[in-house]
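Numbering (full-length UniProt numbering), first residue to last: 1 to 142. Where a beta carbon is used, it is the ideal one built from N, C-alpha and C, also for glycine.
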Amino acid sequence: MMKIAFIAHDRKKDEMVNFVTAYEQAFAGSELYSTGTTGQRIMEATNLKIHRFMSGPLGGDQQIGALVAENELDLIIFLRDPLMAQPHEPDITALLRICDVQGIPVATNVATAEILVKALMRGDFGWRELVHKYKPGIESNE
1 MMKIAFIAHD RKKDEMVNFV TAYEQAFAGS ELYSTGTTGQ RIMEATNLKI HRFMSGPLGG
61 DQQIGALVAE NELDLIIFLR DPLMAQPHEP DITALLRICD VQGIPVATNV ATAEILVKAL
121 MRGDFGWREL VHKYKPGIES NE
């Protein structure tokens, strides 16, 4: 089962809801996560169940980042608003950085999101099953 997170800045929430609605069947078999308002809006528009974290500015981005750090997410769709400064920009940068460290695919616009969802539908994310199967345990540095 794939674990997917949705994040959308305020001016991108409608776009996210429309995107997830269009691909609802592709997401139906996955474990879904989201920041607060984005997740609520998606659930109101679809039949999907989503584990909601706090709003992004209140720590939701960091909560999703914690799952990424533990290699517990397989895909993130993060519709960012490149034309609006975000007060929690350091959190956003940290989330994108940890995704790069862990090799987690991230779409930051609908065009890339569609490519990743099409890959998901084809089964191209099978390599993530191997990541989970051979995930190392937490090691002590003592």
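CB of residue i within 8 Å of CB of residue j, strictly
i	j	result
L73	L67	yes
residue 167	A107	There is no way to answer for residue 167, as the model of the chain reaches only from 1 to 142.
M1	S30	yes
M16	I42	yes
T21	T37	no
T49	L32	The residue you asked about is not Thr; residue 49 is Lys in the sequence shown. Yes, Cβ-Cβ distance for K49 and L32 is below 8 Å.
F19	V110	yes
For residue j and residue i, the rounded distance between their alpha carbons
i	j	result
F53	G39	8 Å
N71	Q86	26 Å
V131	A113	21 Å
A69	R80	21 Å
Q62	A5	12 Å
S140	R11	Low local confidence applies: a pLDDT of 48 at S140 is under 50, so the model's placement there is unreliable, and no value is given.
G123	I115	13 Å
| request: Pair every Cβ in the stretch 87 to 100 with every Cβ in the stretch 116 to 128, then say whether three or more of these pairs are closer than 8 Å. | output: no
| request: May I have a chain-ordered list of the beta strand (DSSP E) segments no shorter than 3 residues that lie completely inside the UniProt domain "MGS-like" (1 to 142)? | output: 3 to 8, 31 to 34, 50 to 52 and 75 to 79
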